[in-house]
Ligand SMILES: [Ca+2]
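In my numbering, the protein residues as written are 72 to 404.
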């Protein structure tokens with residue numbers, strides 16, 4: 072009897088419970104596509120189960136199909152001579168926001184000269200596809216060399232109408248040919264957990280509470296708002312536009328700008344330079360004045376001869392008068 076019991080116990084330990092019992096893909100609630108990795112499609116690094124996408128966090132592992140699984144084929148992620156962190160993911164649509172979902176992998180084992188390789192399953196409840204994303208919820212990582220890993224399951228509350236399921240193999244260091252075998256990845260809705268729809272409701276309730284606390288500081292903010300209008304008065308200091316008129320005055324200097332160069336020379340402190348500077352500045356003015364003075368001189372030049380002529384005429388007139396006066400008495404004679 073003892074022997075029979077011992078043999079039966081060894082049999083249970085040596086071979087996992089019947090595959091059918093462990094096949095999560097047979098669960099009618101399963102939501103993943105190609106749960107049993109029945110078909111493969113080409114992908115970077117080799118080929119991956121159809122409907123799944125490969126990801127590589129580190130290393131350069133290869134992806135292909137293998138026979139190490141209760142229901143062939145399985146996905147093999149492996150390398151020979153280099154560590155790696157890699158796996159596959161699938162976005163699953165049709166989620167109900169607030170509902171709880173559980174992902175599970177029925178087969179996650181490895182073959183290696185080494186004694187450990189991490190395996191884990193994760194969910195990004197926001198639907199992200201970055202395995203390093205902070206929103207990804209990971210299961211505990213199983214490192215031991217064993218062929219049944221019921222602990223490789225994780226739950227999350229959907230935050231979007233689609234969520235992402237990840238399965239990952241973590242081989243920190245090479246032990247030669249290191250191979251991970253993955254298969255049967257499922258996602259089911261856990262109806263035992265009420266939909267978190269009420270959860271968003273309490274959030275708004277919590278929001279008003281802090282708002283009440285904010286009410287007292289609110290007036291403080293108003294007081295702060297009072298100085299703000301004062302700052303608005305600052306714009307009243309739009310006296311600046313008056314300064315803007317200054318530039319208008321600056322427009323005048325622009326013609327004077329021609330004078331600037333000498334002025335600049337005058338800036339060299341010595342009063343003499345000032346004189347010199349004034350001189351050239353005055354030079355143009357005389358030039359301009361020159362025509363006027365010439366005109367004046369010209370007018371004076373005309374006035375002089377006219378007076379002479381008038382004088383001569385007057386003198387000749389007087390002389391003629393005297394001659395006539397002398398002739399009349401003489402003629403009378
Ligand atoms: Ca399979």
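Even for Gly, the Cβ is constructed at its ideal location relative to N, Cα and C. A quick note: this is a predicted structure, and the numbers were derived from the prediction, not measured.
Roughly how many whole angstroms lie between the Cα atoms of residue i and residue j?
| i | j | result |
| --- | --- | --- |
| residue 431 | residue 266 | Because the chain is modelled from 72 through 404, residue 431 falls outside the range shown and cannot be assessed. |
| residue 105 | residue 96 | 9 Å |
| residue 262 | residue 204 | 27 Å |
| residue 71 | residue 160 | Absent from the model: residue 71. The displayed extent of the chain is 72 to 404, so no value can be given. |
| residue 149 | residue 162 | 23 Å |
| residue 223 | residue 246 | 24 Å |
| residue 231 | residue 126 | 22 Å |
| residue 131 | residue 239 | 14 Å |
| residue 100 | residue 121 | 20 Å |
| residue 256 | residue 181 | 16 Å |
| residue 118 | residue 171 | 31 Å |
| residue 254 | residue 177 | 6 Å |
| residue 243 | residue 156 | 7 Å |
| residue 213 | residue 186 | 12 Å |
| residue 140 | residue 158 | 17 Å |
| residue 221 | residue 210 | 11 Å |
| residue 123 | residue 252 | 15 Å |
| residue 116 | residue 133 | 5 Å |
| residue 152 | residue 237 | 25 Å |
| residue 219 | residue 199 | 29 Å |
| residue 98 | residue 179 | 18 Å |
| residue 154 | residue 107 | 26 Å |
| residue 190 | residue 215 | 9 Å |
Do residue i and ligand 1 come close, with the Cβ less than 7 Å from some heavy atom?
| i | result |
| --- | --- |
| residue 144 | yes |
| residue 254 | yes |
| residue 140 | yes |
| residue 108 | yes |
Using the rule of at least 16 other Cβ atoms within 10 Å of the residue's Cβ for burial, across every protein chain shown, is residue i buried or exposed?
| i | result |
| --- | --- |
| residue 248 | exposed |
| residue 259 | buried |
| residue 144 | buried |
| residue 184 | exposed |
| residue 164 | exposed |
| residue 112 | exposed |
| residue 202 | buried |
| residue 94 | buried |
| residue 292 | Because residue 292 carries a pLDDT of 43, less than 50, the predicted location of this residue cannot be relied on, and the following value inherits that uncertainty. Exposed. |
Taking the alpha carbon of residue i as the reference point, which residue from the options has its own alpha carbon closest?
| i | options | result |
| --- | --- | --- |
| residue 226 | 164, 207, 243 and 202 | 207 |
| residue 169 | 228, 252 and 102 | 228 |
| residue 167 | 197, 219 and 201 | 197 |
| residue 233 | 194, 154 and 151 | 194 |
| residue 250 | 102, 114, 138 and 103 | 138 |
| residue 217 | 142, 111, 113 and 188 | 188 |
| residue 264 | 94, 110, 173 and 112 | 173 |
| residue 102 | 115, 134 and 175 | 175 |
| residue 136 | 146, 123, 151 and 94 | 146 |
| residue 241 | 151, 142 and 129 | 129 |
| residue 142 | 154, 152, 153 and 109 | 109 |
Item to complete: Any chance you could list the beta strand (DSSP E) runs of at least 3 consecutive residues sitting entirely within the segment 149-229, in chain order?
Response: 155-164, 171-182, 189-195 and 224-228
Fill in: 3-residue-minimum beta strand (DSSP E) runs that sit fully inside the segment 227-267, ordered along the chain
233-242 and 248-260
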